[in-house]
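Peer 1: By numbering that gives the first Met the number 0, the letter at position 351 of the sequence shown is numbered 350, and the numbering carries on one by one without gaps.
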Amino acid sequence: MLIDFFQTLRAARLPVSVRELLVLLEALKLGVLDGDDGRGIPSLDDFYFLARTIMVKDEAHFDRFDRAFSAYFKGVEMLTENLRELPEDWLRRTLERELSAEERSRLQALGWDELMETLRKRLEEQKERHEGGSKWIGTGGTSPFGHGGQNPRGIRIGGPGRERSAVKVWEQRAYRDYDDTVDLGTRNIKVALRRLRRFAREGAETELDLDDTIHSTAANAGLLDIRLVPERHNKVKVLLLMDVGGTMDDHIPKVEELFSAAKSEFKHLEFYYFHNCVYDHVWKNNRRRHAEKLPTWDLIRKYNKDWKLIVVGDATMSPYEITQVGGSVEFHNPEAGADWLQRLTRAFPKSAWINPEPQGVWPYRQSIAMIEQLMGHRMFPLTVAGLEQAMRLLSK
């Protein structure tokens, strides 16, 4: 039992031994996970935490474990609480349906309120699994509910995204922090960031001032008079907000290079994470993002206008996430994302958005055009030329 799961963890280069596997099996045998629902059936979430506690000894390996666990139990994702449970094999993707451009154009895109109300009705009416079709929750097909199908505006329930058109995602999502120690393959990003510099001499006098020493020595009849000055430091202060998870997974290497370069170039750097659009809170640590949130109002109050705001994200999302109350794919946001972006740009006059998506696709993404307008057209591509343009703007 669980031999394949054990081998999956080993293949992901996790340092697990047979001893950990035996401990896990013993815990299951002793009924550690017996459920409280009267049926004695544990949830997948319960097994995940038990297995991680036993098999992983170092927090640095949490991300590898998450990916291996997801790969092994693919298709058995658990749904959120407060909604009735669906069969655990419900969302296994068994049908890949390709539609022509003409068929896609005929798909019905429901409005926000209609979409949420229709989902509530489907959950009440549906009694069994479904594959394909245009009405029920399932896999494939053109229904706005489920995954693996095609619909211009729907709610993804479990399973991987494909068309990136979902306005809500119904699953537990875990993100990982960007690595700020990644080695850069090129110095070009650092060179571009150096355009945003403002040097000042502050602190203790530790650096030799050669010109003043020569002048003072000469004025002192040749007796050596050493003069020191404080060391020059880059005084610029940068507040970095980074989109994480979802479509940003495609850009992790580029963003990690930028993050590493920024940490080495800017002495005064503070960073926070968000997902898709900034709402009423941000966070520092992705593993504790639900427990350790920083209200965005506190962020605005903590950092004054001397800080340069740099937002990194692909701005690829449903327009509802920007314009609607409750539009976030993860939680019910009490205020629209557009309101928060406007507050940030007012609080930080020197601000810019860095987009890792190729600039050629920007005109075809409605959300990118909306974000660019909200940022006052201060959006730049994550290229050396784009970074140089952004740094010039911020240094004015």
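C-beta: ideal position from N, C-alpha, C; glycine also. The structure displayed is predicted, hence computed values, not measured ones.
The alpha helix (DSSP H) that contains L373, what's its start and end?
Peer 2: Under the DSSP assignment, L373 falls in the alpha helix (DSSP H) whose first and last residues are Q365 to L373.
Peer 1: Suppose the cutoff is 7 Å on Cβ atoms and the five residues either side in sequence are ignored; what does the same chain contact list for R286 look like?
Peer 2: Only residues of its own chain outside the window of five on either side were considered, and among them F61 have a CB closer than 7 Å to the CB of R286, listed in chain order.
Peer 1: Identify, in the order they occur along the chain, each residue of the same chain with its Cβ nearer than 7 Å to the Cβ of F273, setting aside the five sequence neighbours on each side.
Peer 2: L240, D242 and V281
Peer 1: What's the C-alpha gap between K307 and R193?
Peer 2: 14 Å
Peer 1: Near M316, what residues of its chain come up, given a Cβ to Cβ distance below 7 Å and the 5 sequence neighbours on each side ignored?
Peer 2: Counting only residues of its own chain and dropping the five nearest sequence neighbours on each side, M316 has a CB closer than 7 Å to the CB of N275, C276 and S366.
Peer 1: Report yes or no: do the region 243 to 261 and the region 207 to 227 share at least 3 C-beta pairs separated by less than 8 Å?
Peer 2: no
Peer 1: Quick one, which of K189, R12 and A314 has its alpha-carbon nearest P362's?
Peer 2: A314
Peer 1: Do you know how far the Cα of W339 is from the Cα of N332?
Peer 2: So the two alpha carbons sit approximately 11 Å from each other.
Peer 1: Drop a sphere of 10 angstroms on the beta-carbon of W352, count the other beta-carbons inside from all chains shown, and report buried for 16 or more, exposed for fewer.
Peer 2: buried
Peer 1: Residue range of the beta strand (DSSP E) that E269 falls in?
Peer 2: H267 to F273
Peer 1: Rounding to the nearest angstrom, what Cα-Cα distance links R300 and P294 in this structure?
Peer 2: 10 Å
Peer 1: If you draw a straight line from the C-alpha of D3 to the C-alpha of V31, how long is it?
Peer 2: 21 Å
Peer 1: Which residue spans inside the region 301 to 342 form an unbroken alpha helix (DSSP H) run of at least 4?
Peer 2: 319 to 322
Peer 1: When you compare only the Cα positions, how much space is there between L392 and D208?
Peer 2: 33 Å
Peer 1: For L393, which beta-bridge partners are listed by DSSP?
Peer 2: L393 is not bridged to any residue.
Peer 1: If V329 sits next to D279, beta carbons under 8 Å apart, how far is it from one beta carbon to the other, in whole angstroms?
Peer 2: A small correction: the amino acid at residue 329 is Glu; Val does not occupy that position in the sequence shown. Wrong, their Cβ atoms sit about 12 Å apart, outside the cutoff.
Peer 1: I'd like to check one pair, A11 with A67: are the Cβ atoms closer than 8 Å?
Peer 2: yes
Peer 1: By Cβ distance, which residues of its chain are closer than 6 Å to V15, with the 5 residues on each side in sequence left out?
Peer 2: L8 and M54
Peer 1: Measuring straight from C-alpha to C-alpha, what distance separates N354 and Y302?
Peer 2: 23 Å
Peer 1: What residue does the beta strand (DSSP E) around K234 start on, and which one ends it?
Peer 2: No beta strand (DSSP E) contains K234, which DSSP labels as neither H nor E.
Peer 1: Measure the beta-carbon distance from P348 to K304 and round it to whole angstroms, keeping in mind my assumption that it falls under 8 Å.
Peer 2: 6 Å
Peer 1: Among V311, M369 and R18, which has the Cα closest to the Cα of P318?
Peer 2: M369
Peer 1: Tell me the DSSP bridge mates of M378?
Peer 2: DSSP, once it has assigned bridges, lists W352 as partnering M378.
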